[in-house]
Amino acid sequence: MTTTVQAEGLRVRTGRHLAVDGVDLSLSAGVHGLLGPNGAGKTTLIRALATVLRPYDGRLRLLGQPMDARPDLREVRRALGYLPQEFGYYPRFTVSEFVEYMAWLKEVPGPRRRRAVRHALDRVGLADRAGSRMKALSGGMLRRAGIAQAIVNEPRLLLLDEPTVGLDPKQRLDFRALLRELGERSCVIVSTHLVEDVAAACSSVVLADAGRIVFHGVPDDVAAAGGPADAGDSPIERGYSALLERHRAASAVAR
Ligand SMILES: Nc1ncnc2c1ncn2[C@@H]1O[C@H](COP(=O)(O)OP(=O)(O)OP(=O)(O)O)[C@@H](O)[C@H]1O
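Residue numbers (full-length UniProt numbering): 1 to 255.
Encoded structure:
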């Protein structure tokens, strides 16, 4: 099986700032939770994996294609799904028109497009709002429309930047189930601050801090890293705090 994401010494700039500063990462099918404090570089890493930002240094292969030199971006983008933190849409489009438009951009073949749109809307629980205008949706519905456009082409690499913002508790539970289902065949990377979502839905946890990956392992290993003295209300939250503190203490000694 091809490794979906392969990064070695990856560096990505935002303006003058090296927001991703030497990332080594190898990911295949599964749901991978990307955690880290504000400013850790999660969004920048996701934008590079979405081919929105060009790497500044290091090596990146997506779906087997090297992203240096002159990559065939069109082929990679056809197999990509991406939900940015804030996504654009025409407010007068209906939900179904919006998702269909994105399917067209992803080159989903015409005869399959309608069915793909219906299936994506079903999966996010928005089928009954297919004819509503985008501008009439609530925040949580809008986010689900965003998830629908990200999955409409059955992407092999799915990138979701804080997808659960605005979802109510029931929708978050449904979304976790959808993530697990998507991760059976695709490589799904989910950036979130909700550590509990990661514990419930992810097969691996990638913890970032200051542009680097400081831990990559299974959720149970995160939980096992924490103790009663660490900050958090659950084992995985305490493990998250412990891993981050440990890494920062080791970096301070090394300096
Ligand atoms: N356009 C920009 N110009 C300059 N610096 C930027 C820009 N965008 C982000 N940064 C900086 O890059 C670093 C990483 O930002 P990024 O948004 O990738 O982090 P994040 O982990 O996604 O944070 P959050 O959890 O707050 O969303 C931060 O220090 C941020 O201030």
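Heads up, the beta-carbon is just placed ideally off N, CA and C, and yes, glycines get one too.
Taking the alpha-carbon of residue i as reference, which of the options has the nearest alpha-carbon?
{"i": "residue 166", "options": "2, 154, 138, 55", "result": "138"}
{"i": "residue 218", "options": "8, 211, 27", "result": "27"}
{"i": "residue 195", "options": "183, 237, 179", "result": "237"}
{"i": "residue 157", "options": "21, 30, 16", "result": "30"}
{"i": "residue 14", "options": "55, 75, 170, 188", "result": "55"}
{"i": "residue 106", "options": "201, 155, 122, 142", "result": "155"}
{"i": "residue 208", "options": "216, 176, 4", "result": "216"}
{"i": "residue 11", "options": "153, 102, 45", "result": "45"}
{"i": "residue 100", "options": "32, 85, 116", "result": "116"}
{"i": "residue 92", "options": "112, 160, 136", "result": "136"}
{"i": "residue 6", "options": "35, 60, 37", "result": "60"}
{"i": "residue 32", "options": "206, 254, 240", "result": "206"}
If you run the structure through DSSP and keep just helix, strand and coil, what is residue i?
{"i": "residue 8", "result": "strand"}
{"i": "residue 218", "result": "coil"}
{"i": "residue 230", "result": "coil"}
{"i": "residue 47", "result": "helix"}
{"i": "residue 60", "result": "strand"}
{"i": "residue 53", "result": "coil"}
{"i": "residue 212", "result": "strand"}
{"i": "residue 256", "result": "Residue 256 falls outside the range modelled here, since the chain spans only 1 to 255, and no answer is possible."}
{"i": "residue 39", "result": "coil"}
{"i": "residue 243", "result": "helix"}
{"i": "residue 18", "result": "strand"}
{"i": "residue 34", "result": "strand"}
{"i": "residue 248", "result": "helix"}
{"i": "residue 255", "result": "coil"}
Rounded to whole angstroms, how far is the Cβ of residue i from the Cβ of residue j, which I believe are closer than 8 Å?
{"i": "residue 82", "j": "residue 48", "result": "Actually they do not touch by this definition, with Cβ atoms about 11 Å apart."}
{"i": "residue 24", "j": "residue 8", "result": "6 Å"}
{"i": "residue 145", "j": "residue 126", "result": "6 Å"}
{"i": "residue 140", "j": "residue 171", "result": "6 Å"}
Exposed or buried, which one is residue i when buried takes at least 16 other CB atoms within 10 Å?
{"i": "residue 249", "result": "exposed"}
{"i": "residue 90", "result": "exposed"}
{"i": "residue 227", "result": "exposed"}
{"i": "residue 52", "result": "exposed"}
{"i": "residue 153", "result": "buried"}
{"i": "residue 73", "result": "exposed"}
{"i": "residue 42", "result": "buried"}
{"i": "residue 197", "result": "buried"}
{"i": "residue 17", "result": "exposed"}
{"i": "residue 162", "result": "buried"}
Original post:
Which ranges does the beta strand (DSSP E) cover as unbroken runs of at least 3 residues, wholly within the region 64-135, from first to last along the chain?
Top reply: Runs of the beta strand (DSSP E) lying entirely within the region 64-135 and spanning at least 3 residues, in chain order: 80-83.
**OP:** Run through the region 148-207 for me and flag every whole alpha helix (DSSP H) of 4 or more residues, listed as ranges in chain order.
**Re:** Segments of the alpha helix (DSSP H) lying fully in the region 148-207: 169-183, 195-201.
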